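What follows is one structure encoded as structure tokens, with my remarks underneath.
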Amino acid sequence: MIYLTRRERFNAAHRLFLSEWSDEKNLEVFGKCSNPNWHGHNYELFVTVKGEINPKIGFVINLKQLSKIV
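Heads up: the sequence shown begins at 7 in this note's numbering, then just goes up one per residue.
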């Protein structure tokens with residue numbers, strides 16, 4: 007059995023803000039997530055596939071196919 011692990015990194019940003027509240031109230035309730043320049047997070051995703059080597063392609067999975075799935 008062969009295991010193949012691929013790591014992908016990506017980021018996401020968000021802002022929690024209610025327009026009917028003042029900037030001060032938003033900061034009090036939502037903290038740094040109310041920043042007008044947004045607040046971001048960095049993520050790391052690990053995907054592992056396992057299987058036997060496919061004799062037709064010489065791999066467990068075609069890496070282009072794995073990229074499309076991820």
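The beta carbon of each residue, even a glycine, is placed where N, CA and C say it ideally should be. In this text, all values refer to a predicted model and were calculated from it rather than measured experimentally.
Looking at the DSSP output, residue 8 bridges to 57. For residue 75, the enclosing alpha helix (DSSP H) begins and ends at 69-75.
Distance between residue 13 and residue 39, taken at the CA atoms: about 27 Å. Take the alpha-carbon of residue 76 and the one of residue 63: they are about 20 Å apart. In the three-state DSSP reduction, residue 23 falls in the coil class, being neither helix nor strand.
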